[in-house]
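Here's the structure we're looking at; comments come further down.
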Amino acid sequence: MMNFENKTLLVTGGTGSFGKKFIKRILSTNLSKVIVFSRDELKQYEMEKEFTDSRMRFFIGDVRDKDRLYRAFDGVDYVVHAAALKHVGACEYNPFEAVKTNINGAQNIVEAAIDRGVKKVIALSTDKAANPINLYGATKLASDKLFVAANSYAGDKETSFAVVRYGNVVGSRGSVVPFFEKIKETGTIPITDERMTRFWITLEQAVEFVIDNFERMHGGEIFIPKIPSMNITDLAQAIAPECKMEFIGIRPGEKLHEAMITEDDARKTLDMGDYYVIQPEFPWWNKDLAHQGKVLEDGFSYVSNVNDDWLTIEDLRELVKTSKGDS
């Protein structure tokens, strides 16, 4: 694990499900300071009551505001960029807002990090960024491209950038698990399509993966964990076996199956055992020295419906049970 001794780390969107879990974990290290950067004063107030560590700092601000980021990044060594507009339907209906936060905000992070001398930045991505069909996925794909290219943009500065991409997080706020839990009392669970599959990861796994990649990153990589898939009908049976399933059809911007590595991206991807690395296509990237992994076969893609690893109904019940303490 990377040594965070006497370092300052900032998390954008730090009051969200990932941010809270990540900060709780990072406070177990010997870092000097951790800064929560977010725009919701109520969530910051509540988090400040929950986290009483003297190393905590809270900055109210929006990633759309470059000047505020410049102030917040002063003296910061590492940044985890978790702030985003993430609701697929809301982004479809409010596209300009999604662009301002997810794309313009990403550029602001890049410029502030370089100019303030931040050492490493890891940006969180999503499976929806691979071959996107909705605006949220498209903005996150653009964000991923910005963070990868930022390693060229930084020139001779010491700042490096990488991306972590993963699937649905069990029990995070706004996810399907709390939604199913909330409505199961009605006796009916709405299912968009019985064929639907998704990648599944716990908050704890996501946090550890991000921490591990601070050590692994050279700059320009997209790191993707190998995680299991689940079928949406199995999840419904795991949470509410007594309920009837009502099939309502796929919503705007929704896929049947999610991808994390497309066939085109696979040509520049390495299999590292328990994770993949999509390597950047830039002249400065040394493929021989940066990562020693297995080249993927032609035609490979990492898609939720053709995964080798699947969660059973019992697996899902156990994950849902344990995730209630994570959310």
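Residue 1194 is where the sequence shown starts when you use the working numbering, and the numbers rise one by one after that. Where is the CB? At the ideal position from N, CA and C, for every residue including glycine. Every value quoted in this text rests on a predicted model; they were computed, and no experiment measured them.
The beta strand (DSSP E) spanning Asn1424 covers which residue range?
Position 231 of the sequence shown, counted from the start, is the residue given in the question as residue 1424. First-last of the beta strand (DSSP E) with Asn1424: Ser1422 to Asn1424.
What is the residue span of the alpha helix (DSSP H) that Met1240 lies within?
Locating residue 1240 in the sequence shown gives position 47, counting from the first residue. Where Met1240 is concerned, the enclosing alpha helix (DSSP H) stretches over Glu1234 to Glu1243.
Quick one: residues in its chain with C-beta nearer than 7 Å to the C-beta of Phe1230, no 5 flanking neighbours on either side, listed in chain order?
The residue labelled residue 1230 in the question sits at position 37 within the sequence shown. Excluding residues within five positions, the ones whose Cβ falls inside 7 Å are Leu1203, Val1204, Thr1205, Gly1207, Phe1252, Gly1254 and Ala1265.
Flag this pair as yes or no: are the beta carbons of Gly1521 and Glu1285 separated by less than 9 Å?
The structure shown does not extend to residue 1521, since the chain is modelled only from 1194 through 1520, so no value can be given for it.
Which same chain residues, not among the five before or five after Val1292, have their C-beta less than 7 Å away from its C-beta?
Taking the sequence shown and counting its residues from 1, one reaches residue 1292 at position 99. Contacts found: Thr1332.
With 16 as the cutoff for other CB atoms within 10 Å, does Asn1500 come out buried or exposed?
By one-based count along the sequence shown, residue 1500 stands at place 307. By the neighbour-count rule (16 or more Cβ atoms within 10 Å), Asn1500 is buried.
Bridge partners of Ser1353, per DSSP?
Position 160 of the sequence shown holds residue 1353. Within the DSSP bridge table, the entry for Ser1353 names Lys1313 as partners.
Could you tell me whether the region 1385 to 1404 touches the region 1431 to 1443, where touching means 3 or more Cβ pairs closer than 8 Å?
Counting Cβ pairs under 8 Å, three or more are found: they touch.
With distances taken Cα to Cα, identify the nearest neighbour of Phe1402 among Ile1376, Ile1219 and Ala1322.
As a working mapping, residue 1402 is identified with position 209 in the sequence shown. For the residues Ile1376, Ile1219 and Ala1322, the minimum Cα distance to Phe1402 belongs to Ile1219.
What is the DSSP secondary structure of Glu1198, counted as helix, strand or coil?
Here the question's residue 1198 lines up with position 5 in the sequence shown. Three-state DSSP puts Glu1198 in coil, outside helix and strand.
Go through its chain and collect everything with a Cβ distance to Ala1343's Cβ below 7 Å, but skip five positions before and after it.
As a first step, residue 1343 is located in the sequence shown; it is residue number 150 there, counting from the start. Excluding positions up to five away in sequence, the list reads Val1303 and Phe1354.
Please state whether DSSP places Gly1207 in a helix, a strand or coil.
Along the sequence shown, read from residue 1 onward, the residue named residue 1207 stands at position 14. Reduced to three states, the DSSP call for Gly1207 is coil.
What are the uninterrupted segments assigned as alpha helix (DSSP H) that are 4 or more residues long and contained completely in the region 1403 to 1473, given in chain order?
The region 1403 to 1473 is shown to contain whole alpha helix (DSSP H) runs of 4 or more residues at 1425 to 1432 and 1456 to 1459, in chain order.
Is the beta carbon of Leu1224 sitting closer than 9 Å to the one on Thr1201?
Working through the sequence shown from its first residue, we reach residue 1224 at position 31. Working through the sequence shown from its first residue, we reach residue 1201 at position 8. Against a cut-off of 9 Å, the Cβ pair of Thr1201 and Leu1224 comes out as a contact.
Considering only their Cβ atoms, is the gap separating Val1488 from Glu1414 smaller than 9 Å?
Walking along the sequence shown from the start, residue 1414 turns up at place 221. Walking along the sequence shown from the start, residue 1488 turns up at place 295. In this structure, Val1488 does not lie closer than 9 Å to Glu1414 by Cβ.
Leaving aside the five residues before and after Asp1233 along the sequence, list all residues of the same chain whose C-beta is less than 7 Å from its C-beta, in chain order.
As a first step, residue 1233 must be located in the sequence shown, where it is residue number 40. Result list for Asp1233: Thr1208, in chain order.
Restricting to Cα atoms, I'd like to know which of Tyr1359, Pro1371 and Asn1297 is closest to Ala1335.
Residue mapping note: residue 1335 aligns to position 142 of the sequence shown, counting from 1. Selected option, being the one with the closest Cα: Asn1297.
In three-state terms, what does DSSP make of Ser1520?
Counting from one through the sequence shown, the residue named residue 1520 turns up at place 327. Reliability of the predicted coordinates at Ser1520 is poor, the pLDDT of 48 falling under 50, and the value obtained from them is presented with this limitation in mind. Of the three classes helix, strand and coil, the one that applies to Ser1520 here is coil, per DSSP.
For the alpha helix (DSSP H) that Pro1288 lies in, which residues bound it at each end?
Residue numbering aside, residue 1288 sits at position 95 when the sequence shown is read from its first letter. For Pro1288, the enclosing alpha helix (DSSP H) has its first and last residue at Pro1288 to Val1292.
Nearest CA to the CA of Thr1455: which residue from Glu1351, Phe1215, Lys1321 and Ile1228?
Within the sequence shown, numbered from 1, the residue matching residue 1455 stands at position 262. The residue with the shortest Cα to Cα distance from Thr1455 is Lys1321.
Count the other C-beta atoms from every protein chain shown that fall within 10 angstroms of the C-beta of Pro1434, then say buried if there are 16 or more, exposed otherwise.
Residue mapping note: residue 1434 aligns to position 241 of the sequence shown, counting from 1. Classification of Pro1434: exposed, given that the 10 Å Cβ count is below 16.
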